[in-house]
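**Student:** Once you've had a glance at the structure underneath, I'll fire off some questions.
Residue numbers (my numbering): 2 to 183.
Rendered as structure tokens:
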């Protein structure tokens with residue numbers, strides 16, 4: 002019941018904060034944020050880090066197998082984020098093919114004129130570039146997995162992160178992590 006009680010004020014509170022004129026910003030243009038957005042961001046970051054510290058403490062109080070599961074569950078979002086960045090690097094910079102062709106060309110016969118390997122530009126097979134856009138609903142969805150304790154502080158944190166997740170979904174929908182730039 003504590004999670005539900007914390008959910009509704011957090012949902013409407015976060016919705017009101019998100020509708021402030023200076024809060025309508027996106028993470029990719031962080032260099033151009035107004036001061037009001039920085040205040041919101043740093044305050045939210047401080048609250049998130051405080052809740053993270055409390056949850057790490059709660060996890061440390063439990064038996065060893067749970068701590069391993071709790072910490073290893075961080076590997077799931079890290080895997081998806083790393084995969085997204087590798088996909089971006091491949092599509093935008095032709096990274097794997099460039100690495101592979103460069104490595105193969107080193108093993109081939111050197112050009113007889115200057116003793117250097119033949120270097121040609123490798124055409125990109127991709128027509129468009131892509132970008133990574135981490136949305137706040139994705140961040141809070143991941144954070145919700147770590148608020149699984151029966152302690153009231155954890156239940157309040159669960160209500161807050163689920164409310165922030167729901168506000169993002171209701172306001173913006175399930176936007177993609179990887180965006181196609183046409």
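We treat Cβ as the ideally placed atom computed from N, Cα and C, and that holds for glycine.
Could you give the distance in angstroms between the alpha-carbon of residue 179 and the alpha-carbon of residue 132?
**Tutor:** 6 Å
**Student:** Helix or strand or just coil, what does DSSP make of residue 93?
**Tutor:** helix
**Student:** In whole angstroms, what is the alpha-carbon distance linking residue 175 and residue 138?
**Tutor:** 8 Å
**Student:** Rounding to the nearest angstrom, what Cα-Cα distance links residue 4 and residue 17 in this structure?
**Tutor:** Take the alpha-carbon of residue 4 and the one of residue 17: they are about 20 Å apart.
**Student:** What does a CB cutoff of less than 6 Å around residue 110 pick up in its chain, not counting 5 residues either side in sequence?
**Tutor:** Only weak support exists for where residue 110 lies, its pLDDT of 48 falling under 50; the value from the coordinates is given anyway. Once the five neighbours on either side are set aside, residue 110 has no close Cβ partner at all.
**Student:** Once the 5 residues before and after residue 41 are set aside, which same chain residues still bring their CB inside 7 Å of it?
**Tutor:** 18 and 24
**Student:** With a 10 Å radius around its C-beta and 16 neighbouring C-beta atoms as the bar for buried, classify residue 144 as buried or exposed.
**Tutor:** buried
**Student:** Among 177, 154 and 182, whose alpha-carbon lies nearest the alpha-carbon of residue 8?
**Tutor:** 154
**Student:** Shortest alpha-carbon distance to residue 177 belongs to which of 64, 136 and 163?
**Tutor:** 136
**Student:** Please state whether DSSP places residue 151 in a helix, a strand or coil.
**Tutor:** coil
**Student:** Alpha helix (DSSP H) containing residue 61: first to last residue?
**Tutor:** 36 to 61
**Student:** Note down, in chain order, each residue of its chain lying with its Cβ closer than 6 Å to the Cβ of residue 56, except the 5 sequence neighbours on either side.
**Tutor:** 147
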